[in-house]
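Student: The structure follows.
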Amino acid sequence: MVEKTQKHRFYGIMIATYLLAAIWVFGYQFASFEATDWWSFLVFLLLLTYFQLRSVAFTDRFNYSLSMVVLFPVIYLFGIGPGMVLAAAGGLVDGISLNKKWDRVAFNLGQLMLSAAAAGWAFQSFGGITAQLSLPNSLLPMSMGVVGYFVVNIGSVTLLSSLRLGESWWSVLNQLSADGLLNYAIVGYMGGLCALFTGVWQVWGAVTFGGMLVGITELLQMGLRANAEQNRREEAEEALLVDAMTGARNFRCLNRWLMASEGEGPKNETVLFSDIDDFKVFNDRYGHERGDDALKCLADAVRDVIRDDYDTLVRYGGEEFVVILPQLTSDDGMTVAHRIRGQLETIPEASLEQPLTVSVGLASRPEDSDSRPDLLRKADMAMYQAKAQGKNRCAAWDSQWETDTTLLQTRRNAI
Numbered sequence: 003m004v005e006k007t008q009k010h011r012f013y014g015i016m017i018a019t020y021l022l023a024a025i026w027v028f029g030y031q032f033a034s035f036e037a038t039d040w041w042s043f044l045v046f047l048l049l050l051t052y053f054q055l056r057s058v059a060f061t062d063r064f065n066y067s068l069s070m071v072v073l074f075p076v077i078y079l080f081g082i083g084p085g086m087v088l089a090a091a092g093g094l095v096d097g098i099s100l101n102k103k104w105d106r107v108a109f110n111l112g113q114l115m116l117s118a119a120a121a122g123w124a125f126q127s128f129g130g131i132t133a134q135l136s137l138p139n140s141l142l143p144m145s146m147g148v149v150g151y152f153v154v155n156i157g158s159v160t161l162l163s164s165l166r167l168g169e170s171w172w173s174v175l176n177q178l179s180a181d182g183l184l185n186y187a188i189v190g191y192m193g194g195l196c197a198l199f200t201g202v203w204q205v206w207g208a209v210t211f212g213g214m215l216v217g218i219t220e221l222l223q224m225g226l227r228a229n230a231e232q233n234r235r236e237e238a239e240e241a242l243l244v245d246a247m248t249g250a251r252n253f254r255c256l257n258r259w260l261m262a263s264e265g266e267g268p269k270n271e272t273v274l275f276s277d278i279d280d281f282k283v284f285n286d287r288y289g290h291e292r293g294d295d296a297l298k299c300l301a302d303a304v305r306d307v308i309r310d311d312y313d314t315l316v317r318y319g320g321e322e323f324v325v326i327l328p329q330l331t332s333d334d335g336m337t338v339a340h341r342i343r344g345q346l347e348t349i350p351e352a353s354l355e356q357p358l359t360v361s362v363g364l365a366s367r368p369e370d371s372d373s374r375p376d377l378l379r380k381a382d383m384a385m386y387q388a389k390a391q392g393k394n395r396c397a398a399w400d401s402q403w404e405t406d407t408t409l410l411q412t413r414r415n416a417i
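Quick note, in the numbering used here, the sequence shown goes up one by one and the last residue is 417.
Next up, the structure:
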């Protein structure tokens with residue numbers, strides 16, 4: 003508790019320090035407002051507010067906006083003071099629009115203003131002259147301005163995150179991805195272009211480039227909405243393929259597999275057709291609610307032994323389940339079938355007076371058939387052969403059964 007209180011105290015001191023330092027630096031740079039083109043500054047302020055309010059939410063924790071793109075032109079063209087004001091405005095709009103807590107808003111104000119000041123100092127230190135931009139002379143100063151901004155920005159944010167998460171500053175910094183660094187470079191590049199546009203055509207340059215940025219933001223929004231709609235459709239289609247009770251795939255999914263072209267899929271493929279033994283007796287003795295639990299137990303037992311990324315469990319209907327095993331031979335499939343039976347023996351229902359057991363039939367391609375419907379039929383027949391042999395066992399398809407279908411059908415009807 004004491005350590006946590008000390009951490010909170012240090013956290014508060016850090017926020018206050020950042021904010022007071024930003025205010026002090028701003029007071030020192032206040033004179034830079036003398037050269038400000040207020041019409042252009044107003045355009046940048048409106049653009050920044052718009053971009054902040056139209057930030058693109060890629061995830062629940064990550065929002066992206068082009069608001070920082072319009073900050074760098076203000077720093078390069080009008081000076082450090084106006085840049086700090088614009089950065090503070092961005093922090094306020096961000097905090098209010100996202101309903102952030104006061105401490106986060108205060109920290110953002112401080113670190114954004116100091117980041118803007120660092121960008122201005124780096125720009126000037128490497129030969130940049132405010133409101134006098136040209137290529138290639140201004141390329142290095144503007145690049146160093148971007149570096150100065152993001153060094154302070156990243157350092158501040160990672161320091162705050164390390165305090166909140168209880169991790170070292172270095173470990174948090176190492177989590178910064180290459181995509182994040184590329185994003186900073188792109189923002190800085192676009193900010194430099196915006197500054198050059200504005201430097202040449204003043205307020206109309208700001209409006210023209212700002213209009214292009216607005217278009218980019220709207221394209222991002224449209225792309226995000228289209229992606230979200232696609233995800234919703236895929237989720238809806240996925241829901242149509244899942245059996246609500248057991249979580250296994252349903253017959254619609256199996257039908258897709260059956261209707262696939264003969265040449266599709268792996269060269270080796272094994273199908274297991276399983277059926278709970280004497281399930282009607284189990285239901286009559288323990289009730290349908292316990293019977294539903296038994297179906298879920300079988301589905302869980304199968305999922306525990308098959309490969310998540312390759313194999314497919316399908317509820318064929320009632321107490322029958324099909325398992326599709328791509329790239330597995332008949333011997334491999336028989337191993338999986340025995341594991342399913344073994345897994346089923348570990349559940350509580352296996353020790354009941356009417357135990358829960360399963361009979362499994364197996365057929366493989368190419369040795370048994372190259373046709374998926376025929377493969378499924380033969381696995382089904384092998385399952386009934388397993389039942390005829392005494393139940394609670396596994397049986398692989400035997401081609402000799404093909405000439406004895408009358409006997410097999412008689413056995414199936416009897417069962």
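From the three backbone atoms N, C-alpha and C, an ideal C-beta is built for every residue, glycine too.
What you are looking at is a predicted structure, and each value in this text was computed from that prediction instead of being measured.
Secondary structure at G344, three-state DSSP: helix, strand or coil?
Tutor: Position 342 of the sequence shown, counted from the start, is the residue given in the question as residue 344. In this structure, G344 counts as helix in the three-state DSSP scheme.
Student: Three-state secondary structure (DSSP) at Y288?
Tutor: Locating residue 288 in the sequence shown gives position 286, where the first residue counts as 1. The answer is helix: DSSP assigns Y288 an H, G or I state.
Student: Closer than 6 Å: is that where the CB of K282 sits relative to any heavy atom of the ligand GTP?
Tutor: For the ligand GTP, the structure offers nothing, since it holds no ligand at all.
Student: Quick one: using the 10 Å Cβ neighbour count with 16 as the cut-off for buried, is S373 buried or exposed?
Tutor: Your numbering for residue 373 matches position 371 in the sequence shown. Under this definition S373 is an exposed residue.
Student: Sort out for me which residues DSSP pairs L434 with in a bridge.
Tutor: In the structure displayed, the chain extends from 3 to 417; residue 434 sits before or after that span and is not available.
Student: Please report the residue range of the alpha helix (DSSP H) in which V95 lies.
Tutor: Position 93 of the sequence shown, counting from 1, holds the residue named residue 95. Its alpha helix (DSSP H) spans residues I82 to S99.
Student: Can you tell me which residues form a DSSP beta bridge with L1?
Tutor: Here the chain has residues from 3 to 417 only, and residue 1 is not among them.
Student: Out of L94, L315, S117 and Q54, which one is the CA nearest neighbour of G83?
Tutor: Against the sequence shown, residue 83 aligns to sequence position 81. Answer by Cα proximity: S117.
Student: From the DSSP output, in three-state form, read off D277 for me.
Tutor: Here residue 277 corresponds to residue number 275 of the sequence shown, with the count starting at 1. It is a strand residue.
Student: Exposed or buried, which one is E271 when buried takes at least 16 other CB atoms within 10 Å?
Tutor: Your numbering for residue 271 matches position 269 in the sequence shown. Buried.
Student: Could you pull out every residue in the same chain whose Cβ sits closer than 8 Å to the Cβ of F43, ignoring the five residues on either side in sequence?
Tutor: Numbered from its first residue, the sequence shown carries residue 43 at position 41. Closer than 8 Å at Cβ, skipping near neighbours: V76, F80, P84 and L88.
Student: Given a cut-off of 7 Å on the beta-carbon distance, is the pair I454 and A384 in contact?
Tutor: In the structure as shown, the chain begins at 3 and stops at 417. Residue 454 is therefore absent and cannot be evaluated.
Student: By the 10 Å Cβ neighbour count, where 16 or more other Cβ atoms means buried, how is P350 classified, buried or exposed?
Tutor: Here residue 350 is taken as the residue at index 348 of the sequence shown, counted from 1. It is exposed - the Cβ of P350 has fewer than 16 other Cβ atoms within 10 Å.
Student: Quick one: Cα of K103 to Cα of T331, how far?
Tutor: Taking the sequence shown and counting its residues from 1, the one referred to as residue 103 is at position 101. Taking the sequence shown and counting its residues from 1, the one referred to as residue 331 is at position 329. If you take the alpha carbons of K103 and T331, they lie about 60 Å apart.
Student: List the DSSP bridge partners of Q134.
Tutor: To locate residue 134, count along the sequence shown from 1; it is residue 132. DSSP, once it has assigned bridges, lists I131 as partnering Q134.
Student: Which residue comes first and which comes last in the beta strand (DSSP E) that contains L364?
Tutor: For the purposes of this step, residue 364 is taken as the residue at position 362 of the sequence shown. Start and end: V360 to R367.
Student: Rounded to whole angstroms, how far is the Cβ of L256 from the Cβ of V316, which I believe are closer than 8 Å?
Tutor: Taking the sequence shown and counting its residues from 1, the one referred to as residue 256 is at position 254. Taking the sequence shown and counting its residues from 1, the one referred to as residue 316 is at position 314. About 5 Å; that satisfies the 8 Å criterion.
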